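So for the sequence shown, full-length UniProt numbering puts the first residue at 1; every next one is plus one. First up is the structure itself, then whatever we jot down about it.
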Amino acid sequence: MIDLHTHSTASDGTDSPARLVEVAARAGITTLAITDHDTTSGWPEAAESAGRFQIGLVRGAEISAIARTPGWGTGVHLLAYLHDPTHPDLLAETERTRDDRTSRARRMVDLLGQDYPITWDDLLAQTKSGTTIGRPHIADALVAAGVVQDRDEAFATMLRPGTRYYVGHYAPDAVAAVQAVRAAGGVPVFAHPGADARGRVVPDSTIEELAAAGLAGLEVDHRDHTPDARRRLRDIAGSLDLLVTGSSDFHGAGKRNLIGENTTEPEVLEAIAEQGALEVLR
Ligand code: AMP
Ligand code: FE
Ligand code: FE
Ligand code: ZN
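Next comes the structure, spelled out in structure tokens:
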């Protein structure tokens with residue numbers, strides 16, 4: 001059972017990297033990827049835990065990016081697997097994204113603080129130092145303040161784009177991000193490319209553009225994809241010769257996604273391992 005998309009407390013998951021690996025091992029996962037948003041800071045702890053619990057570990061990250069689509073840009077996520085975490089171009093981009101995520105969260109908390117009892121200190125109480133800050137942490141602060149029941153309720157109400165509290169954040173251009181992941185020796189896979197609940201889905205032409213820039217695969221099997229979306233993406237992957245992955249996008253208690261609910265075929269993991277600069281830890 002291979003699950004190549006999960007989050008820890010290094011970003012917006014609720015399990016520490018060590019605990020995430022333990023949860024995966026206990027659920028019968030044989031190879032896990034840790035893919036926190038815009039950071040690799042969970043890697044050492046996850047690697048240590050993978051050794052202890054004897055499961056394979058793919059070191060990865062989920063890179064925020066903006067795809068040029070007709071009319072305006074669309075926020076997208078790229079899974080990067082087995083890249084050199086010190087490569088300067090990718091590191092500079094993810095650092096810039098993380099910095100701006102923090103400023104953006106400050107702005108959102110300021111706006112929310114005008115109507116609800118939350119402050120920046122309440123948000124900091126929900127994160128460890130070095131965490132990539134996202135809206136889920138703002139949601140946690142709202143839950144702690146008794147404003148909403150859970151992250152889902154916060155996302156369905158005040159954290160949605162379009163509300164007066166929503167603020168966007170910096171992210172690199174998606175073509176440049178694919179190139180930066182490849183330059184760092186990583187394997188770029190487009191995360192949940194057909195998840196329309198989050199907003200607009202990119203057209204085929206954007207996927208073609210990313211494939212020409214070096215995209216390795218599409219995450220087809222994901223909870224946020226309808227059967228129609230999966231068929232469409234499988235067809236595109238076939239015609240562009242892209243790998244097809246499936247994964248849970250597990251965030252611990254922070255989301256409904258269950259570890260291993262979607263999985264990736266062993267041949268696909270092998271292809272990723274062949275293309276990546278780092279070893280899969282076993
Ligand atoms: P951000 O990265 O700050 O824009 O926040 C988006 C993140 O929030 C995504 O990566 C998801 O992991 C998470 N998210 C989106 N919707 C929900 C939800 N309904 N419940 C919990 N987490 C969510
Ligand atoms: Fe997330
Ligand atoms: Fe994502
Ligand atoms: Zn994710």
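Every residue, glycine too, gets a C-beta built ideally from N, C-alpha and C. Keep in mind it's a predicted model, so treat the numbers as computed, not measured.
Inset, instruction - Alpha carbon to alpha carbon, how far is proline 188 from leucine 91? Give it in angstroms, no decimals. - result: So the alpha carbons of these two residues sit roughly 15 Å apart.
Inset, instruction - With DSSP collapsed to three states, give me the class of glutamate 62. - result: Note: glutamate 62 maps to strand in three-state DSSP.
Inset, instruction - For ligand 4, list every residue whose C-beta falls under 5 Å from any of its heavy atoms, going in chain order. - result: Chain-ordered list of matching residues: Glu62, Asp249.
Legend entry - Sequence-distant residues of its chain with Cβ nearer than 7 Å to valine 268 (five each side left out): Result list for valine 268: Leu243, Val244, Thr245, in chain order.
Inset, instruction - Flag glycine 146 as yes if its beta-carbon sits less than 9 Å from any beta-carbon of chain D, otherwise no. - result: Absent from the structure: chain D. Only one protein chain is present.
Legend entry - Same chain, Cβ closer than 8 Å to threonine 119, neighbours up to 5 away in sequence not counted: Apart from sequence neighbours up to five positions away, the residues of its chain that approach threonine 119 with a beta-carbon distance below 8 Å are Val109, Gly113, ordered along the chain.
Legend entry - alanine 18 to lysine 255 span [Cα, whole Å]: One C-alpha to the other measures close to 19 Å.
Inset, instruction - Pick helix, strand or coil for histidine 37, following the three-state DSSP scheme. - result: In this structure, histidine 37 counts as strand in the three-state DSSP scheme.
Inset, instruction - Look up proline 193 in the DSSP assignment and say whether it is helix, strand or coil. - result: Under the three-state reduction of DSSP output, proline 193 falls in the coil class, being neither helix nor strand.
Inset, instruction - Report yes if the C-beta of alanine 65 is less than 8 Å from at least one heavy atom of ligand 3; otherwise report no. - result: In terms of side-chain proximity, the C-beta atom of alanine 65 is found no nearer than 8 Å to any non-hydrogen atom of ligand 3.
Legend entry - Rounded distance between the beta-carbons of leucine 4 and leucine 278, thought under 8 Å: With 8 Å as the limit, leucine 278 and leucine 4 do not qualify as a contact, their Cβ atoms being about 14 Å apart.
Legend entry - Inter-residue spacing [alpha-carbon to alpha-carbon] between glycine 199 and glutamate 208: Distance between the alpha carbons of glycine 199 and glutamate 208: 20 Å.
Legend entry - glutamate 95 to aspartate 38 span [Cα, whole Å]: Using only the alpha carbons, I get a separation of about 8 Å.
Legend entry - Under the three-state DSSP convention, the category histidine 137 falls into: Here histidine 137 sits in helix by DSSP.
Legend entry - Element boundaries [alpha helix (DSSP H), containing alanine 80]: No alpha helix (DSSP H) contains alanine 80, which is instead part of the beta strand (DSSP E) from 73 to 81.
Inset, instruction - Could you check which residue in Gly130, Ser129, Ala105, Ala144 has the C-alpha nearest to that of proline 117? - result: Looking only at Gly130, Ser129, Ala105, Ala144, the smallest Cα-Cα distance to proline 117 is reached by Ala144.
Inset, instruction - Would you identify the three-state DSSP class for proline 188, choosing helix, strand or coil? - result: Residue state, collapsed to three classes: strand.
Legend entry - For alanine 27 and alanine 180, the rounded distance between their alpha carbons: Approximately 34 Å, taken between the alpha carbons.
Inset, instruction - Taking only heavy atoms of ligand 1 into account, decide whether any of them is closer than 8 Å to the Cβ of aspartate 3. - result: No, since every heavy atom of ligand 1 falls outside the 8 Å radius drawn around the Cβ of aspartate 3.
Inset, instruction - Return the bridge partner residues of glycine 246 from the DSSP annotation. - result: In the DSSP assignment, glycine 246 forms a beta bridge with Asp221.
Legend entry - Assigned secondary structure, alanine 67 (DSSP; H/G/I helix, E/B strand, else coil): Here alanine 67 sits in strand by DSSP.
Inset, instruction - Just the C-alpha distance for leucine 58 and valine 21, rounded to the nearest angstrom, thanks. - result: The displayed chain sequence assigns valine, not leucine, to residue 58. Cα-Cα distance, rounded: 11 Å.
Inset, instruction - Tell me whether the beta-carbon of phenylalanine 190 lies closer than 9 Å to the beta-carbon of leucine 258. - result: Not closer than 9 Å, so no.
Legend entry - Separation of histidine 7 from glutamate 153, as counted between CA atoms: Those two C-alpha atoms are separated by around 20 Å.
Inset, instruction - Figure out for me which residue from Asp15, Ala50, Asp36 has the closest Cα to the Cα of alanine 25. - result: The candidate whose alpha carbon is nearest that of alanine 25 is Ala50.
Inset, instruction - Identify every run of the alpha helix (DSSP H) within the region 6 to 50, keeping only runs that are complete inside it and at least 4 residues long; order them along the chain. - result: Within the region 6 to 50, the complete alpha helix (DSSP H) runs of at least 4 residues are 17 to 26.
Inset, instruction - Check whether the Cβ of histidine 87 sits closer than 8 Å to any heavy atom of ligand 3, and report yes or no. - result: In this structure, histidine 87 has its CB at a distance of at least 8 Å from all heavy atoms of ligand 3.
Legend entry - Endpoints, the alpha helix (DSSP H) within which glycine 238 is located: Residues 227 to 240.
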